[in-house]
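Scroll down for the structure; my scribbles are underneath it.
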Amino acid sequence: KLEGAGLLTTMRLAVANAARSLESVDYINAHGPSDVFIDQMETRMIKNAFGPHAYHIPITSIKGATGNPMGCGGVHQFISTALTIQKSVIPPTTNFETPGEDCDLDYVPGKPRMNRVRCALINSHGFGRGNVCMVLEPVL
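Here you go:
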């Protein structure tokens, strides 16, 4: 059994249900709780879902700045992503210093990045293997 298969399926379905292609996603707000196993699994599933495009997507996690708010994490991620889209500034993954094994994607370390985001994906999952992914886009 593929560990993380539920997250993989949920990411693909969220993008498909938004009538977007995987290649249109240009920012991911990751669950990223700074747990070695979960971070590696999420990275593998992003690579599996997006293929080579995964290496061109800025990925951040708000939890490095806020800690893990548990049940409120998805709300924090939604607000953070909405502000990212509104301000065209991708926040850094705060306190990110050394990537774990196989965590070789663009995690936006150090400082914010000016970047217009047209299609963002939020990954949120919790205990009991519940997965929620949401696609956000600017209102034109």
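Residue numbers (the working numbering): 115 to 254.
Even for Gly, the Cβ is constructed at its ideal location relative to N, Cα and C.
Quantities reported herein were computed from a predicted structural model and do not represent experimental measurements.
Extent of the continuous beta strand (DSSP E) run through residue i
i      : result
Gly240 : 234-240
Asn162 : Looking at the DSSP string, Asn162 is not in any beta strand (DSSP E); the run it does join, the alpha helix (DSSP H), is 150-164.
Ile93  : Any question about residue 93 goes unanswered here, given that the chain covers just 115 to 254.
Val249 : 244-250
Coil, strand or helix - residue i by DSSP
i      : result
Tyr169 : helix
Ile176 : coil
Val189 : helix
Cut-off 6 angstroms between Cβ atoms - residues of its own chain near residue i, not counting five sequence neighbours on either side
i      : result
Ala132 : Val249
Glu251 : Cys233
Rounded Cβ spacing between residue i and residue j (contact assumed at less than 8 angstroms)
i      : j      : result
Ser202 : His145 : Contact flag wrong, Cβ pair sits at about 23 angstroms.
Ile204 : Asn229 : 5 angstroms
Met155 : Gly118 : 4 angstroms
Delimiting residues of the alpha helix (DSSP H) encompassing residue i
i      : result
Gly120 : 119-131
Exercise for review: Evaluate the contact criterion for the stretch 216-235 versus the stretch 170-187: three or more CB pairs, one atom per stretch, below 8 angstroms.
Suggested key: yes
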